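Numbering (the working numbering), first residue to last: 712 to 1638.
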């Protein structure tokens, strides 16, 4: 059967298709579930272009409501109203290289692709079914491999290891692809097949950076274990007449000359994403960073895969100025490493003999291997000379113990830093047998006593250089919103992840309605910082409408005259509220009751053919009030409805009659005169006692499709939502004016041109204060209240109790939501000298907490790519340097503050020491 191309399928061809869209989706979903239940090493997966796969998903999900990632419901409805054609054959042409590198013939994926953005992975069963239905291709199978040493992770090897075979006989090259899990024996077999040579006459060398590193003996050792890198060269030597023939040049001593380029070769592929210059540097950041003489990144390159040496050593002449070679998107690793190896206490420690502190038995550690690899790398970087180091052994250990950082994709430098600090701590933990310690509640004890107890308990299980130097303590206070139970704990931290508060504001219009009938609906426009939460909106509205202490506001979104959703989570981000939505706030007394009553309004639409017939249609804005906790009957509901409607009653005038001298009451013709003041309790009681002329219907389902007259229910169960419909007729319109319930304003009228607010610079102190601000826990972080015996959305407040010698600030530039991922490029101002945090520290030890900056991890570019560099200060020289992989150059202190700053490293200044040039203008003063 020929599958018609997308866009040319006629309606009468639908019967020729093997399955309906719904059937295709059901079959693929079932195959996916089956494969997910049987995941194991060696399973085959297939790479499919996300462009084609997305079109297939749109086709099979049309009409199901699953295409929910559109900006607005109108776009969604437009999408569903038009038929989506069946896609053409599977087309992977946009994710494969046009021509295979080296002419190997095998189709390879383009570099730098991202899963879910550029491609998707499907199981072998799913691929075979899709291929059976659609044909096309090309087929791109990939195996699932096991990664990691202690903690095994299963992952699909999307990018196999690419090796360049250099034939020593004629210097010709060939390219091969092998799994990193392939053995050296498999490498020999593939090379011999390509070069058509006998098994006994070949030997292969690790030829990293065109230097003979080691002879690869045919064995079951994997290429990963030998630290072979993506795109590196291996040297083939062939035995001729009993000797190995080679065209490699020799020097006067008979040694082979290393054919090294001026700097280690870095193709544009090895820099993470974004446009690159010919020498591999990312475009788009200030060129003055690279000004000045380059002190590293030239002549020679060394590796870190050498035997470990424990002997104490001193810093070499001009030590600490060596670059780190990029091994394929490892700039994130290089940036973090340069910051760590320029941390003075770590330098002093690892240059000494630290072998006695290696903990090889810690089940939470890496048998000391991570600490040894880091120590060896640090020693090489601080030895004399400026030789660029290729951190192959360290990267191999990282892949083994932290598989999430393996492969050749870009990663987050802060996430790596967190792993390294924790891993080094466990490998150097002086505690061999951790005691079991039961934590105690604070129970009203003094903070000093509880904090000291918690720190002693922590030190009894965790005692290492990292704890001594990098760990502080903060106070965490949780308050239950139901019973006001206060829980105080003191927890250790290794870095502070601080948010970047936005300075861009947003105007929002919300209509406040009285749930108890005390006043008329009134719109209020408030202005908030754009990145705030529902809690902040409620607080702003409360101030605007003069909310009393015993009152609350309940936010809701109104859509098609129904309550579409309640915004009851205080931590919900304001970005979830779109400008064209209509939001109301119901104002009610806190002790009003627990049963929520929703009152919706309907009118009978007249039918042109038969005036007595017609359909009831919703109109206006629903009202919400609360009922008591006892058994509820129809009279209770009628009384609550009457009270809620009371502000809408038209004005009544008193007329004096002359006949008997008595006074009679008469209702005016409908007028537009209203009593705008709030009603007092007496008036409310009178309003609730008035008999309603409305017909009330109780909804029996969520949408109100089924309902019965209210009088048929003698009693209702309290404690849940009750929905009623009011049927309005001309008679009700004479007594009540429903116009106040109509024409709700949008949150932000699209016709209004919003003032573009310039993103202002943010100070580090502002970020810290946002971190320490009291806020409710998110819905996914509910706290178990020991008094209520239930999970509650408590409020949380953090305070700094004790700060470490080395203080690390992580600026949270990356934000993730259900629909988007963003990076904030806000400029954060931070002191270089005299960062005084004394006023933020709660412990009263009387010591000043003043810090000096010594390193920065920078990130340039966007999400999933970009480029990492580092600034670090050589304390002995009192001079800053820029570390960009293998390139190292001096940089002026005035140039290190940029919007790329991502992780800041500070060291505490000892009392009486000279911190150098001051930052008086940047010191944060208490208001």
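Note that beta-carbon positions come from the ideal geometry of N, C-alpha and C, so glycine has one too.
Source: prediction; values computed, not measured.
On a Cα-Cα basis, can you pick out the residue from 1557, 898, 1240 and 1610 that is closest to residue 1567? Position 856 of the chain shown, counted from the start, is the residue given in the question as residue 1567. Between residue 1567 and the set 1557, 898, 1240 and 1610, the nearest pair of CA atoms involves 1610.
Looking at C-alpha atoms only, which residue of 1477, 1148, 1504 and 1254 is the closest neighbour of residue 1281? Taking the first residue of the chain shown as position 1, residue 1281 is located at position 570. The candidate whose alpha carbon is nearest that of residue 1281 is 1504.
Backbone secondary structure at residue 1133 - three-state DSSP: As a first step, residue 1133 is located in the chain shown; it is residue number 422 there, counting from the start. Helix, per DSSP.
So, is residue 1502 buried or exposed, given that buried needs 16 or more other C-beta atoms within 10 angstroms? Taking the first residue of the chain shown as 1, we reach residue 1502 at position 791. Residue 1502 comes out exposed.
So the candidates are 856, 855 and 841; which of them puts its Cα closest to the Cα of residue 849? Numbered from its first residue, the chain shown carries residue 849 at position 138. Measuring from the Cα of residue 849, the nearest candidate turns out to be 841.
So, at 6 Å on beta carbons, what are the nonlocal neighbours of residue 1165 in its own chain, with the 5 sequence-adjacent residues on each side left out? Within the chain shown, numbered from 1, the residue matching residue 1165 stands at position 454. The residues are 1201.
Terminal residues of the continuous alpha helix (DSSP H) containing residue 1444? Start at 1 with the first residue of the chain shown, and residue 1444 comes out as number 733. Its alpha helix (DSSP H) spans residues 1441-1446.
I need the DSSP call for residue 803, collapsed to helix, strand or coil. On the chain shown, residue 803 is found 92 positions in, with the first residue counted as 1. In this structure, residue 803 counts as coil in the three-state DSSP scheme.
Which one of 897, 764, 870 and 819 has the shortest CA to CA distance from residue 831? Indexing the chain shown from 1 puts residue 831 at position 120. Of the listed residues, the one whose Cα sits closest to residue 831 is 764.
If you draw a straight line from the alpha carbon of residue 819 to that of residue 759, how long is it in whole angstroms? Locating residue 819 in the chain shown gives position 108, counting from the first residue. Locating residue 759 in the chain shown gives position 48, counting from the first residue. If I take the Cα positions, the gap works out to 13 Å.
What's the C-alpha gap between residue 1193 and residue 1339? Numbered from its first residue, the chain shown carries residue 1193 at position 482. Numbered from its first residue, the chain shown carries residue 1339 at position 628. Taking the straight line from one Cα to the other gives about 18 Å.
Indicate whether residue 1456 and residue 1290 have their beta-carbon atoms separated by less than 8 Å. Locating residue 1456 in the chain shown gives position 745, counting from the first residue. Locating residue 1290 in the chain shown gives position 579, counting from the first residue. Against a cut-off of 8 Å, the Cβ pair of residue 1290 and residue 1456 comes out as no contact.
In its own chain, which residues sit with a C-beta less than 7 Å from the C-beta of residue 1175, not counting the 5 before and 5 after it? Within the chain shown, numbered from 1, the residue matching residue 1175 stands at position 464. In its chain, beyond the 5 residues on either side, 1136, 1139, 1140 and 1141 have a beta carbon closer than 7 Å to the beta carbon of residue 1175.
How many Å lie between residue 1145 and residue 1073 at the Cα? Working through the chain shown from its first residue, we reach residue 1145 at position 434. Working through the chain shown from its first residue, we reach residue 1073 at position 362. Roughly 9 Å separates the two Cα atoms.
Out of curiosity, what's the CA-to-CA distance linking residue 870 and residue 890? Numbered from 1 along the chain shown, position 159 holds the residue referred to as residue 870. Numbered from 1 along the chain shown, position 179 holds the residue referred to as residue 890. The C-alpha of residue 870 lies about 8 Å from the C-alpha of residue 890.
Residue 1572 (DSSP reduced to helix, strand or coil): The sequence position of residue 1572 within the chain shown is 861, counting from 1. Reduced to three states, the DSSP call for residue 1572 is coil.
Going by alpha carbons, who is nearest to residue 1603 out of 1442, 1596, 1597 and 1592? The residue labelled residue 1603 in the question sits at position 892 within the chain shown. Cα-wise, what sits closest to residue 1603 is 1592.
Could you tell me which uninterrupted alpha helix (DSSP H) segments, each at least 4 residues in length, are contained entirely in the stretch 1033-1095, listed from first to last along the chain? As far as the stretch 1033-1095 is concerned, its whole alpha helix (DSSP H) runs of at least 4 residues are 1042-1052, 1055-1061 and 1080-1093.
To which residues does DSSP link residue 1296 through a beta bridge? Walking along the chain shown from the start, residue 1296 turns up at place 585. Bridge partners of residue 1296: 1223 and 1266.
Residue span of the alpha helix (DSSP H) that contains residue 1492, given as start and end: For this step, residue 1492 is matched to residue 781 along the chain shown. Careful: residue 1492 lies outside any alpha helix (DSSP H) and carries neither H nor E.
Would residue 1184 and residue 866 be called neighbours here (beta carbons separated by less than 8 Å)? If you number the chain shown from 1, residue 1184 lands on position 473. If you number the chain shown from 1, residue 866 lands on position 155. Not a contact, by the Cβ cut-off of 8 Å.
Taking only runs of the beta strand (DSSP E) that begin and end inside the stretch 900-937, which ones reach a length of at least 3 residues, in chain order? Listed in chain order, the complete beta strand (DSSP E) runs (minimum 3 residues) inside the stretch 900-937 are 913-917 and 925-927.
Residue 1583 and residue 1569: beta carbons closer than 8 Å? Numbered from its first residue, the chain shown carries residue 1583 at position 872. Numbered from its first residue, the chain shown carries residue 1569 at position 858. No, the pair does not count as a contact, with Cβ atoms beyond the cut-off.
In three-state terms, what does DSSP make of residue 1347? On the chain shown, position 636 is the one that residue 1347 refers to. It is helical.
Quick one: what's got a C-beta closer than 7 Å to residue 1618's C-beta in the same chain, skipping five residues either side? By 1-based counting over the chain shown, the position of residue 1618 is 907. Within the same chain, and ignoring the five residues on either side of residue 1618 in sequence, the residues whose Cβ sits closer than 7 Å to its Cβ are 1055, 1516, 1517, 1562, 1563 and 1565.
Identified DSSP bridge partners for residue 1188: Along the chain shown, one-based indexing puts residue 1188 at 477. Secondary-structure assignment with DSSP links residue 1188 through a beta bridge to 1199 and 1508.
Cα-Cα, which of 1440, 933, 935 and 921 is closest to residue 945? As a working mapping, residue 945 is identified with position 234 in the chain shown. Out of 1440, 933, 935 and 921, 921 has the C-alpha closest to the C-alpha of residue 945.
Mind reading off the beta-carbon distance from residue 1048 to residue 1057? Whole number of angstroms is fine, and I expect it under 8 Å. Within the chain shown, numbered from 1, the residue matching residue 1048 stands at position 337. Within the chain shown, numbered from 1, the residue matching residue 1057 stands at position 346. Actually they do not touch by this definition, with Cβ atoms about 11 Å apart.
Tell me the rounded alpha-carbon separation between residue 917 and residue 1100. What you label residue 917 is simply residue 206 of the chain shown in a count that begins at 1. What you label residue 1100 is simply residue 389 of the chain shown in a count that begins at 1. When rounded, the separation of the alpha-carbon atoms in residue 917 and residue 1100 is 16 Å.
Any contact between the stretch 1595-1602 and the stretch 1029-1040? By contact I mean 3 or more CB pairs, one from each, below 8 Å. Verdict: yes, contact present.
Compute the Euclidean distance between the alpha carbons of residue 838 and residue 947, then round it to the nearest angstrom. By 1-based counting over the chain shown, the position of residue 838 is 127. By 1-based counting over the chain shown, the position of residue 947 is 236. Answer to the nearest angstrom: the Cα atoms are 38 Å apart.
When you compare the CB positions of residue 1272 and residue 1439, do they come within less than 8 Å of one another, or not? Working through the chain shown from its first residue, we reach residue 1272 at position 561. Working through the chain shown from its first residue, we reach residue 1439 at position 728. The beta carbons of residue 1272 and residue 1439 sit no closer together than 8 Å.
Pull up the CB-CB distance for residue 1046 and residue 1124, whole angstroms please, since I reckon it's below 8 Å. Numbered from its first residue, the chain shown carries residue 1046 at position 335. Numbered from its first residue, the chain shown carries residue 1124 at position 413. Indeed they touch by this definition, with Cβ atoms about 5 Å apart.
So, with DSSP's three-state summary, where would you put residue 1360? For the purposes of this step, residue 1360 is taken as the residue at position 649 of the chain shown. Assignment of residue 1360 by DSSP, reduced to helix, strand and coil, places it in the strand class.
Reduced DSSP secondary structure (H/G/I, E/B, other) of residue 1165: The residue you call residue 1165 lines up with position 454 of the chain shown. Here residue 1165 sits in helix by DSSP.
Identify which residue in 748, 768, 754 and 762 has its Cα closest to the Cα of residue 734. Here residue 734 corresponds to residue number 23 of the chain shown, with the count starting at 1. Nearest C-alpha to residue 734: 768.
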